[in-house]
Amino acid sequence: DLIFAPRGNPIYYWDASAGISNNRAVALTSRAGASDVPVVVNTVFVSDIYRFCMAFGCNDIGSSNIDPMLIRWSDQESAVNWTPSATNQAGSLRLSQGSEIIAVIQSRQEIIVFTNSAVYSLQYLGAASGVWGATLLATNTSIEGPNAVGFASGVVYWMGVDKFYFYDGRVQTLPCDLRRYVFNDLNILQTEQIFAGSNEGFNEVWWFTAAQTQTQLIGT
């Protein structure tokens, strides 16, 4: 099945068991058993190990206004039940450093969350300990866009507004001989199009960016 959400919109669900012919995704709020599903989200994510549906930057229960620093998650193994209770693991937390959650990526043992000024580690604690807990990893950091982060060989790499970073248990600046060349020609109006990926065959991390000049864009 597929869960997705256009930024600033509701969450949608596509049921693979219905096949692909005339089978359209539907709003998650319309699925059977839907309870307090977020109606507006910036990023939707499924934790690959513990199987929670998670919303980063979303409305709180009882509100239709988006809180860009709020994280909510459904009950474990359920995409539709978002109502916290003593008998399930649905819940929420709000990050404090920054004004907006920009990006999210799954690493080996944790989910790394990037705000516009900090980096957090989100880890599963279990039902008795609040379900999910956030640990602040670094402040005074940045990230260019929601897809400017990649994961390779156990390390998280991302592109900030004026430098590159990596996290291997500690947030550090990534040395880059081309730093001035890249950032001086970066099209700051197109940062949401920046995309990070890895080339495992050569142990490389790539960033696809939009430059101000056509010739440098071709060579990026």
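Residue numbers (the working numbering): 1389 to 1608.
Even glycine gets a Cβ: it sits at the ideal position worked out from N, Cα and C.
Given the structure is predicted, the values throughout are model-derived calculations rather than measurements.
Applying the criterion that 16 or more other CB atoms from any shown protein chain within 10 Å of the CB defines a buried residue, is residue i buried or exposed?
{"i": "T1503", "result": "buried"}
{"i": "E1588", "result": "exposed"}
{"i": "G1572", "result": "Note that residue 1572 corresponds to Asn in the displayed sequence, not to Gly. Result: exposed."}
{"i": "A1478", "result": "buried"}
{"i": "I1408", "result": "exposed"}
{"i": "L1577", "result": "exposed"}
When DSSP labels each residue in this structure, what does residue i get in the three-state scheme?
{"i": "E1588", "result": "helix"}
{"i": "V1414", "result": "strand"}
{"i": "S1423", "result": "strand"}
{"i": "A1522", "result": "strand"}
{"i": "A1516", "result": "helix"}
Am I right that residue i and residue j are in contact with their C-beta atoms under 8 Å? What's the rounded C-beta distance?
{"i": "F1444", "j": "I1459", "result": "5 Å"}
{"i": "W1461", "j": "D1424", "result": "No, W1461 and D1424 are not in contact; Cβ-Cβ is about 12 Å, not under 8 Å."}
{"i": "Q1485", "j": "T1527", "result": "6 Å"}
{"i": "V1593", "j": "A1599", "result": "The Cβ separation is near 18 Å, so there is no contact."}
Can you give me the C-alpha to C-alpha distance between residue i and residue j, rounded to a whole angstrom?
{"i": "V1519", "j": "S1466", "result": "15 Å"}
{"i": "L1524", "j": "V1501", "result": "10 Å"}
{"i": "D1463", "j": "D1550", "result": "39 Å"}
{"i": "T1603", "j": "T1597", "result": "Because the pLDDT of T1603 is 45, which lies under 50, any placement of that residue in the model is unreliable, and the question is left without a value."}
{"i": "S1435", "j": "N1575", "result": "33 Å"}
{"i": "A1515", "j": "S1480", "result": "13 Å"}
{"i": "L1483", "j": "L1510", "result": "10 Å"}
{"i": "R1395", "j": "A1522", "result": "23 Å"}
{"i": "P1398", "j": "P1456", "result": "14 Å"}
{"i": "R1419", "j": "I1531", "result": "35 Å"}
{"i": "I1449", "j": "G1538", "result": "32 Å"}
{"i": "E1498", "j": "N1591", "result": "22 Å"}
{"i": "S1586", "j": "A1540", "result": "6 Å"}
{"i": "S1452", "j": "C1446", "result": "9 Å"}
What beta strand (DSSP E) runs, 3 residues minimum, are completely inside the stretch 1427-1500? Counting only runs of at least 3 residues, the stretch 1427-1500 fully encloses the following beta strand (DSSP E) elements, listed from N- to C-terminal order: 1429-1434, 1441-1447, 1454-1461, 1479-1482, 1489-1494.
Which parts of the stretch 1533-1606 are runs of the beta strand (DSSP E), unbroken and 3 residues or longer, counting only runs that do not cross its ends? Inside the stretch 1533-1606, DSSP marks whole beta strand (DSSP E) runs of 3 or more residues at positions 1537-1540, 1543-1547, 1552-1555, 1559-1562, 1583-1587, 1592-1596, from first to last along the chain.
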